[in-house]
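Using my numbering, the final residue of the sequence shown is 316, and nothing's skipped along the way.
All C-beta atoms, glycine included, are put in the ideal place defined by N, C-alpha and C.
These numbers come from a predicted model, not from an experiment.
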Amino acid sequence: MFTLCKKQQTETALEDPRAASHDAIPVICCQNGVANESMALRNFSHVYAMCVMLPAEHLEPGTVISFADSAAGSLNLGRFPSGTDETANAVTAALRDAGFLSEADATVMRFKYAKLLMNLGNGVQAACGEWSHDIGETLKNEALTVLEAEGIDVATFEDLESIRKFNRGVPMQGFKRHGGSSLQSILRATGNIEVDYLNGEIVALGRKHGIPTPANLAVQRAALAASAANKARTYCSLDDLRQMMATG
Numbered sequence: 069m070f071t072l073c074k075k076q077q078t079e080t081a082l083e084d085p086r087a088a089s090h091d092a093i094p095v096i097c098c099q100n101g102v103a104n105e106s107m108a109l110r111n112f113s114h115v116y117a118m119c120v121m122l123p124a125e126h127l128e129p130g131t132v133i134s135f136a137d138s139a140a141g142s143l144n145l146g147r148f149p150s151g152t153d154e155t156a157n158a159v160t161a162a163l164r165d166a167g168f169l170s171e172a173d174a175t176v177m178r179f180k181y182a183k184l185l186m187n188l189g190n191g192v193q194a195a196c197g198e199w200s201h202d203i204g205e206t207l208k209n210e211a212l213t214v215l216e217a218e219g220i221d222v223a224t225f226e227d228l229e230s231i232r233k234f235n236r237g238v239p240m241q242g243f244k245r246h247g248g249s250s251l252q253s254i255l256r257a258t259g260n261i262e263v264d265y266l267n268g269e270i271v272a273l274g275r276k277h278g279i280p281t282p283a284n285l286a287v288q289r290a291a292l293a294a295s296a297a298n299k300a301r302t303y304c305s306l307d308d309l310r311q312m313m314a315t316g
């Protein structure tokens with residue numbers, strides 16, 4: 069089973085399969101963040117983590133627009149918390165046949181944590197509609213500090229680029245690319261957003277280790293408020309967000 073929902077929907081999504089399979093079905097977590105796998109492992113014996121690199125948008129029911137320039141996307145996976153097996157090899161082979169880049173990776177969680185660093189800006193885009201390098205660096209530096217305190221191994225930027233470079237998004241004639249998955253959630257008026265498991269993951273680790281994370285907390289709050297008010301890209305300005313970061 070592939071879990072393709074947002075983290076806040078994972079628990080509900082796992083209920084029926086667990087009742088039907090008595091925990092035997094393999095579960096592959098194809099989501100942002102790093103919290104889905106632990107939840108799945110409470111309910112299923114065989115859990116796999118997938119690092120999804122997929123430049124695409126889904127704003128209307130039945131329509132997915134891919135901006136990939138070569139392969140459809142990069143979908144490496146491995147057992148959670150680590151390792152590979154015959155299932156991982158079989159699934160990645162099938163994904164390659166379907167046009168994706170996909171390899172079994174025993175240390176795929178390193179890449180999921182690296183992608184988490186990338187996704188820390190999703191809430192900024194969702195709330196403000198634009199991006200700033202200084203805010204991005206602050207978010208990342210806070211995250212690296214708490215991840216180090218937790219003893220988590222994170223893939224380097226160069227490692228991540230080795231799998232991203234083959235399927236970067238490119239402009240497509242006749243279609244405007246709106247933005248990342250968090251912004252897409254607000255544009256679809258879903259009423260919820262996964263920022264609690266992106267910036268909120270960093271905030272939680274900071275609280276665990278007594279390390280302040282005011283920038284990630286500000287983004288978490290702003291993105292949640294933008295989603296609740298259905299104000300995609302217009303909830304606050306970058307300067308407003310900087311002020312929120314400064315005041316905690």
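Non-local beta-carbon contacts of Asn111 in its own chain, meaning distances under 7 Å to residues more than five positions away in sequence, involve Leu82, Arg86, Asp91 in chain order. The DSSP-derived three-state label of Cys119 is strand. Beta-bridge annotation (DSSP): Ser134 is paired with Ala124. In the structure shown, Cys304 falls within a coil segment according to DSSP collapsed to helix, strand and coil. Glu262 sits buried, since 16 or more C-beta atoms from the chains shown fall within 10 Å of its C-beta. DSSP places Arg178 inside the alpha helix (DSSP H), whose first and last residues are 176-187.
Between Ala158 and Gly189, the alpha-carbon positions lie close to 34 Å from each other.
With a cutoff of 7 Å on beta-carbon distance, Leu255 and Ala300 are scored as near each other. The C-alpha of Ile96 is placed about 13 Å away from the C-alpha of Lys74. Just measuring C-alpha positions, the residue of Ala217, Met313, Ser142, Thr175 sitting nearest Gly204 is Met313. In this structure Gly151 is in contact with Ala174, their Cβ atoms being roughly 5 Å apart against a cut-off of 8 Å. Annotated as distal: Gln252 and Val271, with beta-carbon spacing of 7 Å or more. Here the segment 99-115 makes no contact with the segment 210-218; the two share fewer than three CB pairs at distances below 8 Å. 7 Å or more divides the Cβ of Thr206 from the Cβ of Ala294. As for any alpha helix (DSSP H) of minimum length 4 sitting wholly inside the segment 267-295, the runs are 267-277, ordered along the chain.
Closest in C-alpha terms to Met240, from the list Glu125, Leu169, Gln77, comes Glu125.
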